[in-house]
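So the structure is just underneath, and the comments pick up after that.
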């Protein structure tokens, strides 16, 4: 499961990745965060 949402009270985007494999979840978080940073900066 992947949830990406912009915080309504803070200048933040929250990224949640749930997976049975913690290593795979960490890789997806890194990919998603890199993509978000490139699009917003």
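In our numbering, the protein residues as written are 210 to 250. C-beta: ideal position from N, C-alpha, C; glycine also. Treat the numbers as computed from the prediction; the structure is a model and nothing was measured.
Identity of the residue in the options nearest residue i by Cα
i: residue 224; options: 231, 215, 230; result: 215
Separation of residue j from residue i, as counted between CA atoms
i: residue 249; j: residue 219; result: 16 Å
i: residue 240; j: residue 211; result: 12 Å
i: residue 242; j: residue 230; result: 18 Å
i: residue 245; j: residue 238; result: 10 Å
Sheet register partners of residue i (DSSP bridge)
i: residue 225; result: 212
Interface flag, residue i vs chain C, CB-CB below 8 Å
i: residue 241; result: Any reference to chain C falls outside this structure, which holds one protein chain only.
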